[in-house]
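**Q** Residue numbers (the working numbering): 28 to 245.
Here a beta-carbon is modelled for each residue, glycine too, at the ideal position from N, C-alpha and C.
Every value quoted in this text rests on a predicted model; they were computed, and no experiment measured them.
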Ligand SMILES: [Zn+2]
C-alpha cells in the first residue's frame, strides 16, 4: 500500500490478513485519497460482481469512514481482493486474456492521468473518468444499456469521483498520449467493454474514432 500518493490503495491489496490494519489506515486518509480507492472497487463490481455493485449503492463514502461501518468497509475490501485474485488465478500466466478485464477503465484512465501530468487527477479519479468513457463505448460495442450506464455514473458520483472532464482540459492531449500506447499499434485495439454490470469482455472492434468520441463526451 502506498499512502504517500494514495495510488492503488484499495485495488492493490493482496493479503487478506492485512485487512483490519489497512482499514484503520484507510480511514485516516483525506477524503479524496479515500474516495479514489473506490474507483477500483467499483471497477471490480462492474466487471465481475453485480451483487457488490448493489452493496456499494447502499454504502456511502462518508458513512464507510464511521467506526460502526468498519465491518462493512472491511468486507467490501475483502470481496474486492477475492474478485481480483480469482481473475488473476484463472489466468495465471496472462494467456487467456481474462486478466486483461482488470484493465477496465484503465486504457483511457491512464491516458487522462498522463495528460494531466500526474498532478491533475489521482489515479482513481482518472480511472473513474476512464470507466465513464468505457461505458460510452460499451453502449455502442457491447450493448450496455443506457440505464446501467447511468447507474454506474451515479455510483461513481456517490463516492465523489469525477464523471466529467473540466471544460478546459486538453482533450487532444489524451488522444496524443493514447497514440503512444502499444495496444493501439497496428489498428487492432484491445479494449475492455462491459455488456452488463457484473460482466466484462475483451474486444478488438473498438476503433480510435470510438475512443475519440467517448473522450469528446467526457
Ligand atoms: Zn488502477
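Taking only beta-carbon atoms, is residue 156 less than 9 Å away from chain C?
**A** Among the chains of the structure shown, chain C does not appear; only one protein chain is present.
**Q** Is it right to say residue 98 is buried, meaning 16 or more other beta carbons lie within 10 angstroms of its own, or is it exposed?
**A** Classification of residue 98: exposed, given that the 10 Å Cβ count is below 16.
**Q** With a threshold of 8 Å, establish whether the CB of residue 67 neighbours any heavy atom of ligand 1.
**A** At least one heavy atom of ligand 1 is nearer than 8 Å to the Cβ of residue 67, so yes.
**Q** Residue 182 and residue 83 - do their beta-carbons sit closer together than 9 Å?
**A** Yes, the pair counts as a contact, with Cβ atoms nearer than the cut-off.
**Q** Does DSSP put residue 226 in a helix, in a strand, or in coil?
**A** In this structure, residue 226 counts as strand in the three-state DSSP scheme.
**Q** Under a three-way DSSP split, which group does residue 30 fall into?
**A** With a pLDDT of 40 at residue 30, under the threshold of 50, the predicted position of this residue should be treated as unreliable, though the coordinate-derived value follows. Reduced to three states, the DSSP call for residue 30 is coil.
**Q** Return the chain-ordered list of same chain residues with a C-beta closer than 6 Å to the C-beta of residue 41, the five sequence neighbours on each side being excluded.
**A** Bear in mind that the predicted position of residue 41 carries a pLDDT of just 42, short of 50, making it unreliable; the figure below should be weighed with that in mind. Once the five neighbours on either side are set aside, residue 41 has no close Cβ partner at all.
**Q** Less than 8 Å between the CB of residue 71 and some heavy atom of ligand 1, yes or no?
**A** No, the beta carbon of residue 71 sits no closer than 8 Å to any heavy atom of ligand 1.
**Q** Let's see if you can read the secondary structure: which residues bound the alpha helix (DSSP H) around residue 58?
**A** Residues 58-75.
**Q** Start and end of the alpha helix (DSSP H) containing residue 244?
**A** From DSSP, the alpha helix (DSSP H) with residue 244 extends over 235-244.
**Q** Just how far apart, CA to CA, sit residue 92 and residue 185?
**A** Distance between the alpha carbons of residue 92 and residue 185: 14 Å.
**Q** Between the segment 139-148 and the segment 161-177, do three or more beta carbon pairs fall short of 8 Å?
**A** No: the two stretches stay apart, fewer than three of their Cβ pairs being nearer than 8 Å.
**Q** Say the cut is 8 Å; is the CB of residue 124 nearer than that to a heavy atom of ligand 1?
**A** Because no heavy atom of ligand 1 lies under 8 Å away, the Cβ of residue 124 does not count as near it: no.
**Q** So, helix, strand or coil for residue 46, using DSSP?
**A** In this predicted model, residue 46 has a pLDDT of only 49, less than 50, meaning its place in the structure is not dependable; the value taken from the coordinates is given anyway. If DSSP states are grouped into helix, strand and coil, residue 46 belongs with the helices.
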